[in-house]
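J.:
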Amino acid sequence: MLSKADKTDRNKTEGFDAEQDKASCSDPESQKEGKKSEKGRRTAYSYSAEDRKTLKRIFIAIAAGLVINVFIGLLLDAQELIDALRRTSLTLLILPFALIFLVFAIDSLRFKLVFSRFKIKISFRDSFFNNMTGYFFSSITPGSVGGQPFQVMHFAKLGIDSAVASNVVFSRLIEGNIVQLVIVALFFHKGIGMMTSLGKGAYLLLAGMVATIILTFVFTLSFLNPHLLGVLALKIDKSRLGRRISRILKNPCWAEKIYAWSQSLGQGFKTLWQNNIGTMIVDILGMALAQLIWAFSLYLPLAIITQTRPPIPDFLLSYTLCGLISLFVPTPGASGSVEAAYLLVMGTLTGRPAATLSAILIWRLGTYYLHLFVGGAKYFISKVPRGVYEKDARGILRRIRSAHQNPGKEGAQSGNKGNEQ
Numbered sequence: 053m054l055s056k057a058d059k060t061d062r063n064k065t066e067g068f069d070a071e072q073d074k075a076s077c078s079d080p081e082s083q084k085e086g087k088k089s090e091k092g093r094r095t096a097y098s099y100s101a102e103d104r105k106t107l108k109r110i111f112i113a114i115a116a117g118l119v120i121n122v123f124i125g126l127l128l129d130a131q132e133l134i135d136a137l138r139r140t141s142l143t144l145l146i147l148p149f150a151l152i153f154l155v156f157a158i159d160s161l162r163f164k165l166v167f168s169r170f171k172i173k174i175s176f177r178d179s180f181f182n183n184m185t186g187y188f189f190s191s192i193t194p195g196s197v198g199g200q201p202f203q204v205m206h207f208a209k210l211g212i213d214s215a216v217a218s219n220v221v222f223s224r225l226i227e228g229n230i231v232q233l234v235i236v237a238l239f240f241h242k243g244i245g246m247m248t249s250l251g252k253g254a255y256l257l258l259a260g261m262v263a264t265i266i267l268t269f270v271f272t273l274s275f276l277n278p279h280l281l282g283v284l285a286l287k288i289d290k291s292r293l294g295r296r297i298s299r300i301l302k303n304p305c306w307a308e309k310i311y312a313w314s315q316s317l318g319q320g321f322k323t324l325w326q327n328n329i330g331t332m333i334v335d336i337l338g339m340a341l342a343q344l345i346w347a348f349s350l351y352l353p354l355a356i357i358t359q360t361r362p363p364i365p366d367f368l369l370s371y372t373l374c375g376l377i378s379l380f381v382p383t384p385g386a387s388g389s390v391e392a393a394y395l396l397v398m399g400t401l402t403g404r405p406a407a408t409l410s411a412i413l414i415w416r417l418g419t420y421y422l423h424l425f426v427g428g429a430k431y432f433i434s435k436v437p438r439g440v441y442e443k444d445a446r447g448i449l450r451r452i453r454s455a456h457q458n459p460g461k462e463g464a465q466s467g468n469k470g471n472e473q
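Numbering of the sequence shown is given in our numbering, commencing with residue 53 and proceeding in unit increments.
Written out as structure tokens, the structure reads:
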């Protein structure tokens, strides 16, 4: 136990260190020296530790999915489950797997469209890699929240302004919620009718409807007033929590950086949503198309394996609202819990829960677990170059240098993961 005098001395020391750190925020030379010393502390061991952490997340995602799905299977009719599995084919597995690559391609074209509004010509290859590995990180993080931060970090590493990248990437959250809100509004009457027959599944639909409205409001408010994020960071910075964040991030200037970033974010929002509303409408339509492809990737095996034809409006509403369960489940990528949520609702729609579980498992295997391996392999073996985007003679930011032209700023993926995560 520390005496009162010891505690006082420690608090004074921490306060003195904090003041020194704050002084360095406005001193570029101090920041440079800090970066050099930090770079010197980065070793191969720290990078391999990040690799092990990522592999651990993959293992947890697979293990959680296996345990939960086996448990669910034990509660269902074993014979119906076996008969349904016999109706599966390799095509039913490959098609959902391939459809997600189509979604990546659509999202890559959307990136090219939106980035062009900032005079940035993003290459299709970089955009596709960003979407593919972004989905991978969403699949291994609780709440599926890891994808967007990774995408921003990847674009920033290529040489694209982080505020612009943040605006483009996180605008998709608003667009996704807009599409979900439209689906809920179009088929709301269907949802009310379905609740009387879904039993406990009705709670999921109701929670999904409420979550859609709340998330749309929160994301829209955040983008309309991004400076509030910076103001909040500055207020937190003065508290004990702020000092703890500084120690965790090893960056005493984190609040100032968030404040500066929030101001740039506001300008980027104006560029997109006020000056280029037509482009954003096209982007929203692209988001809707991607969502429909995702839904079709489940509808096809569901219809074939269960030998039923669920009504499209009922299915689309159920699919959209059940998908929100991933935001509130602690397992990586909501592994296992998503299957349970869809089974609870879709099993009532088809009237054949065991066969429905078979269809959901085939769908998740093709769209989640296989992409977990493919996306992970792509992430680990690929090299991500630094600063390869520069302005050309016309002032357009584009990929000018290739990997072999920029060896000094490029590292193996294993050497870059620590910064990206």
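We put the CB at the ideal spot given by N, CA and C, even for glycine.
What span of residues does the alpha helix (DSSP H) with Lys-443 cover, start to end?
T.: It is not in any alpha helix (DSSP H) - Lys-443 instead sits in the beta strand (DSSP E) that spans 441-443.
J.: Whose C-alpha, out of Leu-210, Ser-223, Ile-235, Glu-391, is nearest the C-alpha of Lys-173?
T.: The shortest C-alpha separation from Lys-173 is found at Leu-210.
J.: Taking DSSP's pairing of strands, which residues face Lys-173 in a bridge?
T.: Arg-450, per the DSSP bridge assignment.
J.: Would you say Val-220 and Phe-163 are within 9 Å of each other, going by their C-beta atoms?
T.: Yes, the pair counts as a contact, with Cβ atoms nearer than the cut-off.
J.: Give every residue of the same chain whose Cβ lies closer than 8 Å to the Cβ of Phe-180, excluding the five residues on either side of it in the sequence, and list them in chain order.
T.: Hits under 8 Å: Phe-156, Ala-157, Ser-160.
J.: From Arg-109 to Ile-192, what does the alpha carbon distance come to, in whole angstroms?
T.: Using only the alpha carbons, I get a separation of about 6 Å.
J.: Counting Cβ pairs closer than 8 Å, one from the stretch 412-431 and one from the stretch 136-156, do we hit at least three?
T.: As far as the Cβ criterion goes, the stretch 412-431 touches the stretch 136-156, which means the pair count is three or higher.
J.: According to DSSP, is Pro-363 helix, strand or coil?
T.: If DSSP states are grouped into helix, strand and coil, Pro-363 belongs with coil.
J.: Using DSSP bridges, identify the partner residues of Pro-304.
T.: According to DSSP, Pro-304 bridges with nothing at all.
J.: Return the chain-ordered list of same chain residues with a C-beta closer than 8 Å to the C-beta of Leu-341, the five sequence neighbours on each side being excluded.
T.: So the list reads Ile-158, once near-sequence residues are dropped.
J.: Name the DSSP bridge partner or partners of Pro-194?
T.: Looking at the DSSP assignment, Pro-194 forms a beta bridge with Pro-384.
J.: My assumption, with CB atoms under 8 Å, is that Val-166 sits in contact with Leu-324. Please give the rounded CB distance.
T.: Indeed, because the Cβ distance is near 7 Å, the residues count as touching under 8 Å.
J.: Cutting at 7 Å between CB atoms, please list the residues of its own chain near Leu-184, excluding the five before and the five after it.
T.: Looking at the sequence provided, one finds Met at residue 184 rather than Leu. Taken in chain order, the residues that qualify are Phe-156, Gly-427, Lys-430.
J.: Throw me the rounded Cβ distance for the Leu-395 and Thr-408 pair, which I believe falls under 8 Å.
T.: Indeed, because the Cβ distance is near 6 Å, the residues count as touching under 8 Å.
J.: Measuring CA to CA, which of Gly-186, Phe-189, Leu-352 is closest to Ile-412?
T.: With distances taken between Cα atoms, Ile-412 lies closest to Leu-352.
J.: Out of curiosity, what's the CA-to-CA distance linking Gly-338 and Asn-229?
T.: If you take the alpha carbons of Gly-338 and Asn-229, they lie about 13 Å apart.
J.: Can you have a look at Gly-399 and say buried or exposed, based on whether 16 or more other CB atoms are within 10 angstroms of its CB?
T.: Buried, by the Cβ-count rule.
J.: Give me the Cα-Cα distance between Lys-309 and Val-234, rounded to the nearest whole angstrom.
T.: Each residue's alpha carbon lies about 36 Å from the other.
J.: Determine whether the beta carbon atoms of Gly-199 and Phe-188 lie at a separation below 9 Å.
T.: It is a contact, given that the beta carbons lie within the stated cut-off.
J.: Express the C-alpha separation of Asp-213 and Tyr-441 in angstroms, rounding to a whole number.
T.: Rounded to whole angstroms, Tyr-441 to Asp-213 spans 10 Å at the Cα level.
J.: Tell me the DSSP secondary structure of Phe-239 in three-state form.
T.: Three-state result, Phe-239: coil.
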